[in-house]
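Under my numbering, think of the first position of the first sequence as 2, with each following residue one higher. These notes concern the structure reproduced below.
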Amino acid sequence: MNNLGYACINMTLGKKGILTGRAMRKSTLDAKGLPYASQLALENAKDLKTILEWNVDHGIYFFRIGSDLFPWGNKIDITKLPDYNEIVKVLNDCGDYARANNIRLTTHPGPFNLLASDKEEVVLNTILDLEMHSTLFDLLKLDETPFNKINIHVGATYGNKEVAIYRWKQNFKRLSLSCQKRLTLENDDKESMYSVKDLYDSVYQDIGIPIVFDIHHHNFNTGGMDHSEAMKLACSTWPKGIRPIVHYSESKALHENNNKIKLQAHSDYISDFIQTHDNDVDVMIEAKAKELALLEYRKKYNI
DNA sequence: CATGGTCAAGTGGCA
DNA sequence: TGCCACTTGACCATG
2 MNNLGYACIN
12 MTLGKKGILT
22 GRAMRKSTLD
32 AKGLPYASQL
42 ALENAKDLKT
52 ILEWNVDHGI
62 YFFRIGSDLF
72 PWGNKIDITK
82 LPDYNEIVKV
92 LNDCGDYARA
102 NNIRLTTHPG
112 PFNLLASDKE
122 EVVLNTILDL
132 EMHSTLFDLL
142 KLDETPFNKI
152 NIHVGATYGN
162 KEVAIYRWKQ
172 NFKRLSLSCQ
182 KRLTLENDDK
192 ESMYSVKDLY
202 DSVYQDIGIP
212 IVFDIHHHNF
222 NTGGMDHSEA
232 MKLACSTWPK
242 GIRPIVHYSE
252 SKALHENNNK
262 IKLQAHSDYI
272 SDFIQTHDND
282 VDVMIEAKAK
292 ELALLEYRKK
302 YNI
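Laid out in structure tokens, this is it:
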């Protein structure tokens, strides 16, 4: 195993008001407009640097950037933000810092990003959101490869997986090349949806999108493969020279012995050793306690 | 100032 | 039929 990372929020810094997730409701955007969106984006960008520095101070070189850095960035023209030039400078600086310190940055746009949708409006919204993430990566001067992945799910079947996958692949072609080159697909956490094997057979074999293996999700949708087989297959889809990423989380319902919680929900901390079956991977820990869970894990297993 | 309901977005599973 | 879960809580009105 190489890098251990965490997602979007630093609890320690968050308590001090340092975060990249300043957001607002639509009503607030309507009331306050671009100047306020600009102010939030600038504060978010500045805090990203602080979080990256904190990470380096704590030996963490893998971080997922949240989707709210540009509040409403998928619906507004961010180049029209009053502070746009300054925001770009700050993001350029964050990117330089990441490169200099060998930090791997990724994103995970929300479950509303459905390239397989049968509704054109949903697809258009998805394209806008994915392109916003890609533009953010451009401003950070990150690679146009899945080293800096923009990761999504297929996420829905519309009653016919084959047709949905076909639409997914058609709509994928509508993305900019730089966005396409960063995109990865993750296995879903429902039996009815897409396992690693589904993604491999129906998408990777056709258009070569790398597969992110989510170990927790696999428990709910194995596609007939055990963990070791599925992880190996997923890892085989990554380009040479780019370390595959796997996601790791544990069940909140089991941790808290509470059957009212869905088994899929993520626990605050993780307790089991992360088995990577000798694959050379970076592991994104998806735990509600964020970097605290990562630090606890390293302490527990002395790594 | 703390709390709790609500918030942009899509889908599917379940009580 | 309406909540929960997913990428993630944070916003905002109210007391």
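Quick reminder that beta carbons are idealized off the backbone N, C-alpha and C, glycines included.
Check                                                                                                                 : Outcome
Identity of the residues DSSP links to F63 by a beta bridge                                                           : R105
Alpha carbon of E87 to alpha carbon of K291, nearest angstrom                                                         : 29 angstroms
Buried or exposed by the 16-neighbour rule on C-beta atoms within 10 Å, applied to P110                               : buried
Cβ contact (3+ pairs, closer than 8 angstroms) linking the region 163-175 and the region 133-142                      : no
Proximity to P83 [Cα-Cα], best of D281, W169 and K33                                                                  : K33
Buried or exposed by the 16-neighbour rule on C-beta atoms within 10 Å, applied to R26                                : exposed
For M133, the first and last residue of its enclosing alpha helix (DSSP H)                                            : E121 to L140
Own chain partners of K253 with C-beta closer than 7 angstroms, once the 5 adjacent residues on each side are dropped : I262, A266, H267 and S268
Nearest to Q171 (by Cα), restricted to the options H154, G209, P147 and L116                                          : L116
Short Cβ contact (8 angstroms threshold) for C95 with K50                                                             : yes
Residue burial classification, L184 (beta-carbon count within 10 angstroms, cutoff 16)                                : buried
Sequence-distant residues of its chain with Cβ nearer than 6 angstroms to E287 (five each side left out)              : A8, H248, S250 and H267
H278: first and last residue of the uninterrupted beta strand (DSSP E) it sits in                                     : Neither: H278 is in no beta strand (DSSP E) and is coded neither H nor E.
Cβ neighbour criterion (16 or more within 10 Å) applied to L264                                                       : exposed
Residue range of the unbroken beta strand (DSSP E) whose run includes N152                                            : I151 to H154
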